[in-house]
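>
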Amino acid sequence: MIAERIKSQLRMGVLEYCAMQILHRGEVYASDIIEELLAAKLISVEGVIYPLLIRFKNEGLVEYDWVNSENGLPKKHYKLTETGMSTMRALDQTWDGLYATTDEFRQKNTVVSPSDSDTTTKK
């Protein structure tokens, strides 16, 4: 189905952007990213994040340090690199522009019924 393909592509782009937003806050564990993205319903399984983090690492966007966790086992602590930070700034600008543009299109496609305040979409 075409709508499913488009939704999947949108979701993947938004997922990457939101993962970078979480990383932008500072050093985080993969489990922190997973927890937030699950809560936001951007992912349904945690296995999606690990390949994404590997790709970010290979692209020079993130780096990690090994940190001992509470149970004594080492865990990766991820953070954005300088390249990741500049990429994040560029993505923020792109997001702001896309948001404004898509909102403008959505506003043009919505009309208020004179009989009530319900909105309907033009067909």
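Once you know that position 89 of the sequence shown is 89 in the UniProt record's numbering, the rest is easy, because the numbers rise by one and skip nothing.
Virtual Cβ for every residue (Gly too), placed ideally from N, Cα, C.
Note that the structure is a prediction, hence the values are computed from the model and not measured.
Provide the residue span of the beta strand (DSSP E) that contains LEU10, from first to last.
Here LEU10 belongs to no beta strand (DSSP E); instead the alpha helix (DSSP H) covers 2-24.
> Could you tell me the distance, in whole angstroms, from the CA atom of LEU52 to the CA atom of LYS79?
About 14 Å.
> Using the three-state DSSP reduction, which class does LEU53 fall into: helix, strand or coil?
helix
> For the stretch 18-36 and the stretch 70-78, state whether three or more C-beta atom pairs, one from each stretch, are separated by less than 8 Å.
With a cut-off of 8 Å, the stretch 70-78 and the stretch 18-36 count as touching, because enough Cβ pairs lie within range.
> Have a look at ILE33 and LEU23 and give me their C-alpha separation to the nearest angstrom.
8 Å
> Which first and last residues belong to the alpha helix (DSSP H) in which LEU38 is found?
30-39 is the extent of the alpha helix (DSSP H) around LEU38.
> Any idea if MET20 is buried or exposed, counting beta-carbon neighbours within 10 angstroms, 16 or more meaning buried?
Under this definition MET20 is a buried residue.
> Would you call the CB atoms of THR94 and GLY60 closer than 7 Å?
Cβ atoms of THR94 and GLY60: not closer than 7 Å.
> Which of the three DSSP states is assigned to LEU91 in this structure?
helix
> Between ILE2 and ALA90, what straight-line distance do the alpha-carbon atoms span, to the nearest angstrom?
So the alpha carbons of these two residues sit roughly 29 Å apart.
> Per the DSSP calculation, LYS75 is bridged to which residue(s)?
VAL67
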